[in-house]
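Residue numbers (UniProt numbering): 1 to 214.
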């Protein structure tokens with residue numbers, strides 16, 4: 001659905017100025033970023049699943065599975081969980097904090113669910129059913145995740161400085177409140193990053209212990 005949002009939706013030719021701004025700013029939305037991440041992640045998953053049927057345990061497969069797990073745990077899950085959950089929290093509090101009401105004429109309500117609900121369901125399903133192991137060191141994943149989110153925060157700050165508000169809610173933030181929002185964002189993605197490993201340890205660690213006892 002993000003491909004449709006990016007390539008098919010005609011923001012540029014709209015008569016409504018509040019819609020035309022998304023012709024350029026759509027590339028700066030966090031929804032766009034994590035959906036593009038998923039489009040890079042899914043082919044790696046499919047490749048690993050197919051190869052695992054014939055090459056289980058090979059060095060080549062282990063390398064790609066490591067890439068798959070790093071992409072998911074460092075980027076896909078923390079970013080998607082943070083963005084989707086925050087989106088719906090703000091939406092049901094005051095939907096115009098996210099988008100002007102006029103955007104509903106271009107992006108329909110069910111499409112918002114395809115962008116911000118199905119993506120969350122996808123990562124939860126992946127988290128629960130794809131076997132993973134905790135890495136020897138969490139540092140590389142955390143550094144990569146914080147680096148990625150910091151780049152996105154910098155994009156948002158640069159846009160606000162140029163009076164380009166990617167989300168209407170940002171108009172309400174003073175510089176000090178933007179700092180608080182930055183800290184909240186970094187803390188939130190760290191929370192989701194840590195939480196996923198607790199789930200992985202509980203589910204897949206339990207499965208490994210059962211196999212050892214058989």
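Cβ atoms here follow ideal geometry from the backbone N, Cα and C, with glycine treated the same way. All values reported here derive from a predicted model rather than from experimental measurement.
Distance, residue j Cα to residue i Cα
{"i": "residue 138", "j": "residue 54", "result": "30 Å"}
{"i": "residue 156", "j": "residue 41", "result": "24 Å"}
{"i": "residue 21", "j": "residue 49", "result": "41 Å"}
{"i": "residue 193", "j": "residue 70", "result": "11 Å"}
{"i": "residue 204", "j": "residue 91", "result": "34 Å"}
{"i": "residue 191", "j": "residue 179", "result": "18 Å"}
{"i": "residue 104", "j": "residue 11", "result": "12 Å"}
{"i": "residue 89", "j": "residue 64", "result": "36 Å"}
{"i": "residue 182", "j": "residue 99", "result": "20 Å"}
{"i": "residue 133", "j": "residue 197", "result": "9 Å"}
{"i": "residue 175", "j": "residue 131", "result": "43 Å"}
{"i": "residue 15", "j": "residue 97", "result": "22 Å"}
{"i": "residue 66", "j": "residue 145", "result": "16 Å"}
Residue i - containing alpha helix (DSSP H), residue span
{"i": "residue 132", "result": "From DSSP, residue 132 is part of no alpha helix (DSSP H); its letter is neither H nor E."}
{"i": "residue 35", "result": "30 to 52"}
{"i": "residue 62", "result": "59 to 71"}
{"i": "residue 16", "result": "Segment: none, residue 16 is in no alpha helix (DSSP H) and carries neither H nor E."}
{"i": "residue 94", "result": "77 to 94"}
{"i": "residue 160", "result": "139 to 161"}
Close Cβ partners of residue i (< 7 Å) along its chain, the five nearest in sequence each way excluded
{"i": "residue 166", "result": "25, 28, 29, 156 and 159"}
{"i": "residue 164", "result": "25"}
Beta-carbon contacts of residue i that lie in its chain and below 6 Å, excluding the five residues immediately before and after
{"i": "residue 9", "result": "106"}
{"i": "residue 51", "result": "61"}
{"i": "residue 170", "result": "160"}
Contacting residues, own chain, Cβ-Cβ under 8 Å from residue i (five flanking each side not counted)
{"i": "residue 101", "result": "95"}
{"i": "residue 120", "result": "80, 81, 84 and 85"}
{"i": "residue 201", "result": "134"}
{"i": "residue 18", "result": "100, 102 and 103"}
Presumed contact (8 Å Cβ cut-off) between residue i and residue j, rounded CB distance
{"i": "residue 142", "j": "residue 185", "result": "Contact flag wrong, Cβ pair sits at about 14 Å."}
{"i": "residue 189", "j": "residue 78", "result": "4 Å"}
Residue-level contact to chain C via CB, residue i, 8 Å cutoff
{"i": "residue 108", "result": "Included in the structure is just one protein chain, with no chain C present."}
Stretch-stretch touch, CB-based, cutoff 8 Å, three pairs: the region 74 to 93 with the region 23 to 38: The region 74 to 93 vs the region 23 to 38: in contact.
Given 8 Å, three or more beta-carbon pairs between the region 111 to 120 and the region 147 to 162: With the cut-off at 8 Å, the region 111 to 120 and the region 147 to 162 do not touch.
Segment contact, 8 Å Cβ cut-off, at least three pairs: the region 125 to 136 with the region 63 to 78: The region 125 to 136 is in contact with the region 63 to 78.
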